[in-house]
Each structure stands twice: as structure tokens, then as C-alpha cells.
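Read the structure below first, then the notes.
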Amino acid sequence: MRAEPDRVDWPRVMPFVFLHVGCLGAIWTGTSTFAVCFAIALYFLRMFAVTGIHHRYFSHKTYSTSRPVQFLLAIWAATAVQRGSLWWAYHHRHHHVHSDDPEDAHSPHVHGFLWSHIGWITSRRNFPTDYSKIKDLAKFPELVWLNRFDLVVPILYAVFTLVLGMILERFAPSLNTNGPQMLIWGFFISTTALFHGTACINSMAHLMGKRRYQTTDDSRNSFILSLICLGEGWHNNHHRYQSATRNGFYWWEIDLTYYGLKMLSWAGLIWGFKPVPKSILEEGKLGLAAKKTATSGAHAQSKKNSETDSETEVNSSFAADV
Ligand SMILES: [Zn+2]
Ligand SMILES: [Zn+2]
């Protein structure tokens, strides 16, 4: 399956060109406060689906749910226009096994920034879903169907934004929006931003930020990426321990996906959250403490050096006086 050539497959670039060029439609449809707010809200709602469903449920099974809710979650995640949950999970699990080694489909260290950000998705090598590697998910025919016909939900979502805009134009004219405007903002602009936000985890989260855990890859923790991607920026934590529902291991590591999942659990829709083991938390604290000691050691050393320098200056000026 991975014997296909690993290079840009131009026909597969076209959907991305279509998505990006579509954003320019705003020049003709114009902008309204409502359409922009809708685009932002749908960015975060669908980012939550990418992180909380594609990633923390299908890829890592960090919580449990019923079969009907699992199907609904897969539909929600499919509105993100990042192919099916099974494709997503298969490639993501592959990333964890091969992080930053030559087999990794999207390592910025092996293939460069642009390839890790967008190029790899266009490669024919990364197009199929190897169902033999995700048997726990492939046993559900409804999920396989959603994965096989991964354009159905995105098309329905695009139609939804268009129809919603038409309804609002008719019944709420004070909002100053219409069908085409809602399609451009709610589908094209919001989805393009969502793609780049998600892709930052593949590219930037292995380049930017700090490493608390000495993992075998170059994953990093970044507060900024955590805000953009609702908690996924704590990527070094996640590479150290993938099975936890939380990616922000400590209370100060904001993880909005985790808070959202908590709300779904209070509604009784999901359950069985997997915690971060105490040993991993301790290891993280030791890592921080070691870094602090190293930093304060360096500070103390530089302070000592500067004191020695000033003593030398005093001594030399004294010597000069003498
Ligand atoms: Zn990674
Ligand atoms: Zn992961």
C-alpha cells in the first residue's frame, strides 16, 4: 500500500486549489458580522470534532461511547472535510509508530515544512486507508461507508450553509447575509482555516515549542498551538503518553477539547475517560525540575561570574590606585 510514489499527485491538489480559490468569493458576496461569526464558530466546532473525535476517539480510543453515538460523532467529524475518520485514524497511528523517522508521512525534519503541512496529503501513497491496520474500526460497516464516500457529508455541509443563508436572507434581513455569502464564509473560508489549523500540528508542533519529555521524536508543547487547535498543541505530552483523554497534563495547560469532552460525558454521551498515569505526571515534573535546576544553575554561575568580574574590576582599580 505504501509502495506508491511519494510525491505530489497533481489531480489531488485540485480540491485544495478549489477550497483556497473559493475563499476569494468573498470579494463578490461581501461580508456581514453574522457570516464572519458563523465561520469562526464553525471553525471551533469542527476543530473540536477533529481533535476530540478523529484524534482522541478514533485514533487513540481515549474514551468509550455507544455505537449510534459513535456514528453521529463520525458524521460530525466528517464535516471538517479531512476525509473519513478511518483514513484519519490509520494515518495518525502510522505517524505515532514512525514519528520523525523516514517512514513518517509528515515529518518536517525528514521531508521539510511544506510537505509536512500540505504536500503529504496529495501523495498517492497516503491516499488509501489500510483497513487491516485498523481492524477495531473497520468492523463497523457504517464507518467504512462514511470513509469510502467521504465527500457526502462535506457536500451536505456546504449545502446546509447555502440554504441557511437563503433562509436568513428571507426571514432575518437585518443580518445582511444571504446564501452565497454564508457558503463562502461558512464553508470555504472556515474550512480552509480549519485545514491549516490542523496541519500546524503535523508541521509546527514538531518544530515550535518546548520539550518536557525526552521522546524519540521531536514533538513539542506550544501554548499558541494549543489555542489554535483546542489543546492539541501539548503535542510532546501526547507523544509521551497517547492513551490519555487529556493532552494538557497539568491544570495550567489549557485543553479546550478535554473540557468539551467533559461536557459530552456529563450529558451521558461518552464515558470511560483514560487518565494520565501518575508516573507520567511525576516524570514530567522531574523533567521541569531538572530544567529549572539547570537554568538556575546557569543563572547562579553567570551571577557568580559577574560578581567575580566586578571583584576583578575593583581589585584592578585598587591595584591601579596603588
Ligand atoms: Zn506528532
Ligand atoms: Zn495522536
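For the sequence shown, position 105 (counting from the first letter as 1) is numbered 100 according to the numbering used here, and the numbering increases by one without interruption.
Using N, Cα and C, we set each Cβ at its ideal position, and we do this for glycine too.
Residues A100 of the same chain have their beta carbon placed closer than 7 angstroms to that of H89, with the five preceding and five following residues left out of the count. Judged by beta-carbon spacing, Y85 lies beyond the 7 angstroms limit of D131, meaning their Cβ atoms are not closer than that value. Secondary structure of N216 (DSSP, three-state): strand. Here S118 is bridged, per DSSP, to V3. When beta bridges are read from the DSSP output, K205 appears opposite N216. A straight line joining the alpha-carbon of K56 with that of T24 spans about 42 angstroms. Taking the Cα of T28 as reference, the smallest distance to any Cα among G160, R207, Y254 and I275 is reached at G160.
In this structure, the CA atom of C195 is about 12 angstroms from the CA atom of W110. By the CB criterion at 7 angstroms, T193 and V64 fall outside the cutoff. Partner residues in the beta bridge of W229, as assigned by DSSP, are N216. Secondary structure at T26: coil, using DSSP grouped into helix, strand and coil. Secondary structure within the stretch 121 to 158: the alpha helix (DSSP H) runs of 4 or more consecutive residues, fully enclosed, are 130 to 133 and 136 to 143 (chain order). Judged by DSSP secondary structure, W71 falls within the alpha helix (DSSP H) whose first and last residues are R62 to A73.
Taking a C-beta distance under 7 angstroms as the contact criterion, N197 and R207 do not qualify as a contact pair. Under the DSSP assignment, N197 falls in the alpha helix (DSSP H) whose first and last residues are S185 to S198. Within 6 angstroms of the C-beta of S59 there is not a single heavy atom belonging to ligand 1. For the set A262, L259 and R51, the Cα lying nearest the Cα of H230 is the one of R51.
In the three-state reduction of the DSSP assignment, W110 falls in the helix class. Taking 7 angstroms as the cut-off, the Cβ atoms of L163 and T156 do not count as close. In the three-state DSSP reduction, I48 falls in the helix class (H, G or I). For S214, the shortest C-beta to heavy atom distance toward ligand 1 is below 6 angstroms.
In the displayed model, W82 falls within a helix according to three-state DSSP. Going by DSSP, G255 is part of the alpha helix (DSSP H) stretching over L251 to W261.
When DSSP states are grouped into helix, strand and coil, S59 belongs to the strand group.
By the Cβ neighbour-count rule, S127 is exposed, with fewer than 16 other Cβ atoms within 10 Å of its own. In the DSSP annotation of this structure, the continuous segment of the alpha helix (DSSP H) that includes Q176 starts and ends at G174 to M177. With respect to the 7 angstroms criterion, G226 and G243 are classified as neighbours on the basis of their beta carbons. Here H201 is buried: its Cβ has 16 or more other Cβ atoms, across all protein chains shown, within 10 Å. Remark: C-beta atoms of G174 and F33 do not approach each other more closely than 7 angstroms.
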